[in-house]
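Visitor: Here you go, one structure.
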Amino acid sequence: MKMTALLYTERWYETQVCRMETFRVRVVKDISEPGTALEMMMTAMLPVISFVHVFSAPTPVGEPGEQVLLEVMETIRMVFMIVMQLVITQRTPYILEFYSVQTLALADLVADSRTVDVILGFFPSMSLNNFSVSGIFTSALHLIKLPGAVRLLWDFRPQLSADNSTMDYAFFKLFERLCATCHRTQATLKSIGIIKSVIEYYADAKIRKDVELLRRPMDLGATSPRPPLLGTLSSYAKDVSLTEAKTQQ
């Protein structure tokens, strides 16, 4: 059964690659007939539509799921690249009609948790004409295996330009997402002193307004899950306020 499934997968993928190569050759050629570009784009989506139908329906052939999924994602990526090349080189006026077909063809894949991050990443890639950003929706954050490197990264933060707010935001957002990865990652960040240094930074009286901004979303009683880093800072900020109030009395 495994050999049958493997042969089925390989033949299916080879067929799609041949079809994609045929489309690529046709795209390179000059297109002068009205409607030809739209026809090519519609044809390029056929493997996607076919896959959605086969993937969602039960089949007696037990294909290796992960392998099929990877190969199909690669086929869809080729479709996006070919369509992008077609639109850029031919400046076809039919692109809006193609978007409608694309929406219908990919709706089920976007709704599937196994494929949504990859599919969504293809759209900014196509828009920017740069498929190196196709993994923008795919999280690459896992367990920290070398804590020292993360600590070095954190230690470079004071050297960032004060007026580089974008980098500053991205820096803290990275560590916030690391905190949300799993409890072991949180424990690692705590063990190398990062959580402590963040709390000490926000305990500085000179930036009390920042502490207030961190507290505000929590004081409003929001029901959404609290980001671990902000939650820690918020709790600490309240403790600091109580301590200062007692000191003033």
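So for the sequence shown, our numbering puts the first residue at 821; every next one is plus one. Glycine residues also receive a C-beta, built at the ideal position from the N, C-alpha and C atoms.
(1) Suppose you measure from the CA of V903 to the CA of Q887; what does that come to, to the nearest Å?
(2) Which ranges would you report for the alpha helix (DSSP H) in the segment 896-953 if only whole runs of at least 4 residues count?
(3) Looking only at its chain, what residues have a beta carbon closer than 8 Å to the beta carbon of R934, apart from the 5 residues adjacent to it on each side?
(4) Which residues mark the beginning and the end of the alpha helix (DSSP H) in which H1003 is found?
(5) Secondary structure at S959, three-state DSSP: helix, strand or coil?
(6) Please report how far the alpha carbon of F995 lies from the alpha carbon of L973, in whole angstroms.
(7) To which residues of the same chain is V938 closer than 6 Å at the C-beta, ignoring the five residues directly before and after it?
(8) Decide if the segment 938-951 is in contact with the segment 983-1002; the criterion is three or more beta carbon pairs, one per stretch, under 8 Å apart.
(9) Find out if the Cβ-Cβ distance for the pair L1009, C999 is shorter than 8 Å.
(10) Tell me which residues share the same chain as L940 and place their Cβ nearer than 6 Å to its Cβ, disregarding the 5 neighbours each side in the sequence.
(11) Does Q979 pass the burial test, meaning 16 or more other C-beta atoms within 10 Å, or should it be called exposed?
(12) In angstroms, rounded to a whole number, what distance separates the CA positions of F942 and Y919?
(13) Answer yes or no: do R897 and F976 have a C-beta to C-beta separation smaller than 8 Å?
(14) Label K1016 either buried or exposed according to how many other C-beta atoms from any shown protein chain fall within 10 Å of its C-beta, with 16 as the threshold for buried.
(15) Suppose you measure from the CA of A931 to the CA of L906; what does that come to, to the nearest Å?
(16) Taking 8 Å as the cut-off, decide whether the C-beta atoms of G963 and R1004 are in contact.
(17) Quick one: residues in its chain with C-beta nearer than 6 Å to the C-beta of R971, no 5 flanking neighbours on either side, listed in chain order?
(18) Should L929 go down as buried or exposed, given a rule of 16 or more other Cβ atoms within 10 Å for buried?
Guide: With the given structure in hand:
(1) 25 Å
(2) 915-931 and 936-948
(3) L889
(4) H1003 to S1011
(5) coil
(6) 10 Å
(7) M893
(8) no
(9) yes
(10) F957
(11) exposed
(12) 13 Å
(13) no
(14) exposed
(15) 27 Å
(16) This sequence places Leu at residue 963; Gly is not what is there. A contact, by the Cβ cut-off of 8 Å.
(17) I1012
(18) buried
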